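Right, one structure below, let's go through it.
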Amino acid sequence: PEEEEGEFTLDYPFEGGGSKAVSIFLEEEEGEPWTMVYSVFGRLEDLDPVDLLSRNFSPGYTFIAADEGDAMVMASYPLDDLDAESLEALVGDVAAWAQALREEFASDVE
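When we follow the working numbering, the leftmost residue of the sequence shown carries the number 8, and every step to the right adds one.
And the structure:
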């Protein structure tokens with residue numbers, strides 16, 4: 008658990024080595040519990056927000072978001088519909104996209 012109650016962070020391992028930190032927490036949306044998954048890939052001030060927003064028009068549950076100056080890949084999924092296989096896929100998708108964006112923008116955010 009992290010400082011915030013109910014939020015957990017894990018290192019998602021990639022085949023071939025390396026890993027990406029991914030955090031998971033629950034949030035109420037319209038009275039229903041949702042699983043929220045995110046991974047930070049850079050600082051918003053170092054990136055082009057318009058370019059990042061244009062990347063949100065892709066299919067799937069993952070999207071790019073910002074919070075307190077951090078640029079992140081995020082996904083949400085209804086807790087009542089979530090099973091272990093779906094959670095694993097969701098965490099993997101978030102980790103992979105965040106890692107790809109971190110590598111793409113590495114020269115801009117380091």
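Note that the Cβ used here is the ideal one computed from N, Cα and C, for glycine as well.
Because the structure is a prediction, the values reported are computed rather than measured.
**OP:** Grab the span of the alpha helix (DSSP H) containing ARG109 for me, first residue to last.
**Re:** The residue you call residue 109 lines up with position 102 of the sequence shown. Its alpha helix (DSSP H) spans residues 91 to 111.
Original post:
On the three-state DSSP scale, how would you describe ASP55?
Top reply: As a working note, residue 55 is residue 48 in the sequence shown. Coil, per DSSP.
Original post:
Are LEU86 and LEU33 close, meaning C-beta to C-beta below 8 Å?
Top reply: Residue 86 sits at position 79 when you count from the first residue of the sequence shown. Residue 33 sits at position 26 when you count from the first residue of the sequence shown. Result yes, Cβ atoms of LEU86 and LEU33 sit closer than 8 Å.
**OP:** Under 7 Å Cβ to Cβ from SER26, same chain only, skipping five residues before and after it: list those, please.
**Re:** For this step, residue 26 is matched to residue 19 along the sequence shown. Cβ within range, chain order: ASP18, TYR19 and PRO20.
Original post:
What distance in whole Å lies between the Cβ atoms of ALA82 and VAL44, which are believed to be in contact at a cut-off of 8 Å?
Top reply: Within the sequence shown, the letter at position 37 stands for residue 44. Within the sequence shown, the letter at position 75 stands for residue 82. That pair is a contact at about 5 Å.
Original post:
At what residue ranges does the stretch 10 to 40 contain a whole run of the beta strand (DSSP E), taking only runs of 3 or more?
Top reply: 15 to 20 and 26 to 36
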